[in-house]
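Numbering (the UniProt record's numbering), first residue to last: 1 to 552.
Please read the structure below before turning to the comments.
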Amino acid sequence: MDKLEDMSSVYDFDPITGNIPATKVEITVSCRNLLDKDTFSKSDPCEYFGRTEVIDNTLNPDFVRKYILDYFFEEKQNLRFDLYDVDSKSSDLSKHDFLGQIFCTLGEIVGSPASRLEKPLGPPAVGIPGKKCGTIILSAEELSNCRDSATMQFCANKLDKKDFFGKSDPFMVFYRSNEDGTFTICHKTEVVKNTLNPVWQPFTIPVRALCNGDYDRTIKVEVYDWDRDGSHDFIGDFTTSYRELARGQSQFNVYEVSNSSSSTTKNKKLLVTLLSFSVESEFTFLDYIKGGTQINFTVAIDFTASNGNPSQSTSLHYMNPYQLNAYAMALKAVGEIIQDYDSDKMFPALGFGAKLPPDGRVSHEFPLNGNMENPYCNGIEGILEAYHQSLKTVQLYGPTNFAPVVNHVARYAAAVQDGSQYFVLLIITDGVISDMAQTKEAIVNGAKLPMSIIIVGVGQAEFDAMVELDGDDIRISSRGKLAERDIVQFVPFRDYMDRTGNHVLSMARLAKDVLAEIPDQFISYMKSRGIKPNPAPPPYTPPGHTHHHTQI
């Protein structure tokens, strides 16, 4: 019976979202100009997270022990580094002098020039007023097995004649084994119809999806005979590993398929043969970020009358003194993550669907800060401030037109197509779109440019049109032209509101869902244009820097 239970995964598996383990990055820590706590000897610093080793007697330590972390673009990954001066053999940190600490996000480290963040150490809580505590330098390096993709092709011979009338319709399902001994589906071949000797198409798969970077980990392959009614017959399975497959076509890569649950197949052998195997290194999102590509974040807010009068508590734009409204929450959740990848933290913020002072003309592309020449706001706080101010000066009106703000960002994106910049537009809206045809045209044009669009729908309206723009099921088209990539991601805010009112968790989930597709959309643009990442500038090494002996 166990066979049936894991069958469901064979049908429901979506190769695009098939959970690929995270990219791993390695963090290296150095410090400069530490406070000298011991009057007679230099500091012996060590930090905890794991701990680094203790380094004796230097105010400029470079720790050898590195930390390996899973990296997710779409999450805010908060880190804290504490530095201690070790005075005795005790492992109890309270026995040692605390030299200082910093807080940062993993995005901040990878998003810094050459993925190297230098920050002043904050004074310890007890503080030595007026004294500089020195700086900490954090460097991030992506682990290299994350970037390989393997391409392989299989065929099989002498298939067991499963169907009473003759030939089979075989397909294969590949599983990666997990640390805990369970298996996760990672690839499904196409079905080859009506044959006893199938040759499947070559397929390409990230190495980390196949074995999570562990070349000796078991890969399980199951062979099925496809049935129209969905009750695919299990023919048998075999196991291999990445290291074996990487030997390519050879006698080692011919596998006998066995079916332990069936007594009838003892004398019927099925051989699956690897025809070819190759591996190539793909550029990753972090290669481009480390090479200096900036992500520019623009926000556009819906000021149409359907939001309700901002002075009333039922309005989606209501300014509750004690709590952010849905617009502000969505903006903050997404913005706080993207800002790590934008070095100047200056963000254009636009509004649409309002009548503007002094003459009441309707605009679908106005700067929230009121400055036509310079719509940039300083940081996420600056955008929120400009949003609050504009609610006091403009009159909510209509209709709900998206095309002007999409085209606004597209003009900027069209001006830099060399891979040095990528643009993300966040549209927050309460409603039903009025200029669907124009917006589709704008998105189809935008798909050729280095840009992505996130739409968050707030309030209780029907968002069918947004789902269509999202293009996950059916790629959007305009006047017979298909968008060359999918660049729109839509989520309804209401799906994330937590009954318990825990906004922190629900907003983290919203940001994760809208941002998760951005790295792949980013890579698809770079690949389609043949843009390679810039090499990162060489790491800075201070002159004449040597170590004393080191204790782990």
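Every residue gets a Cβ at the ideal spot worked out from N, C-alpha and C, and that includes glycine.
Quick caveat, the model's predicted, so the values are computed rather than measured.
By the C-beta density criterion, residue 442 is buried, having at least 16 other C-beta atoms within 10 angstroms. For residue 276, the enclosing beta strand (DSSP E) covers residues 270-281. Listed in chain order, the alpha helix (DSSP H) runs fully inside the UniProt domain "C2" (132-255) are 207-211 and 242-245, counting runs of at least 4 residues. Annotation: residue 177 to residue 271 spans about 22 Å, alpha carbon to alpha carbon. In the DSSP assignment, residue 523 falls within the unbroken alpha helix (DSSP H) covering 518-528. With fewer than 16 other Cβ atoms from the protein chains shown falling within 10 Å of its own Cβ, residue 194 counts as exposed.
Inside the stretch 374-440, DSSP marks whole beta strand (DSSP E) runs of 3 or more residues at positions 376-378 and 421-429, from first to last along the chain. Here residue 210 is actually not in contact with residue 156; their C-beta atoms are around 19 Å apart, not less than 8 Å. Spatial neighbours of residue 190 in its own chain (CB-CB distance under 8 Å, excluding positions within 5 residues in sequence) are listed in chain order as 171, 200 and 201. Following the DSSP letters along the chain, one finds residue 30 in no alpha helix (DSSP H) but inside the beta strand (DSSP E) bounded by residues 23-32. Annotated three-state conformation of residue 445 is helix, per DSSP. Using a Cβ distance threshold of 7 Å, residue 461 and residue 433 do not count as a contacting pair. With fewer than 16 neighbouring CB atoms inside 10 Å of its own CB, residue 254 falls in the exposed class. Between residue 347 and residue 376 the beta-carbon gap is near 6 Å, inside 8 Å, which marks them as a contact. Residue 241 and residue 290 have their C-alpha atoms some 32 Å from each other.
Judged by DSSP secondary structure, residue 327 falls within the alpha helix (DSSP H) whose first and last residues are 326-338. Under the three-state reduction of DSSP, residue 109 is assigned to helix. With fewer than three CB-CB distances shorter than 8 Å, the stretch 361-372 does not count as touching the stretch 319-328.
In the three-state reduction of the DSSP assignment, residue 114 falls in the helix class, which pools H, G and I. Under a 10 Å Cβ-count criterion, residue 60 is classified as buried, with 16 or more other Cβ atoms of the shown protein chains found around its own Cβ. Here residue 79 is bridged, per DSSP, to 104.
Of the candidates 409, 522 and 414, 409 places its Cα closest to the Cα of residue 426. When beta bridges are read from the DSSP output, residue 361 appears opposite 356.
The Cβ atoms of residue 316 and residue 277 do not sit closer than 7 Å to each other.
Listed as beta-bridge partners of residue 296 by DSSP are 423. When the Cα atoms are used, residue 393 and residue 64 turn out to be separated by approximately 56 Å. Residue 454 sits in a strand when the DSSP states are folded into three classes. Residue state for residue 497 is assigned as coil, using DSSP reduced to three classes. In the three-state scheme derived from DSSP, where H, G and I count as helix and E and B as strand, residue 70 is classed as strand. Rounded to whole angstroms, the Cβ separation of residue 82 and residue 22 is 25 Å, and the two are not in contact under 8 Å. For residue 478, DSSP records a beta bridge to 481. The criterion of a C-beta distance shorter than 7 Å is not satisfied by residue 305 and residue 387.
Shortest Cα-Cα distance from residue 76 to any of 340, 403, 445 and 446 involves 340. Pairwise C-beta distances place the stretch 478-486 out of contact with the stretch 499-510, as fewer than three of them are shorter than 8 Å.
Residue state for residue 487 is assigned as coil, using DSSP reduced to three classes. If you look at residue 86, you'll find it isn't in any alpha helix (DSSP H); DSSP assigns it neither H nor E.
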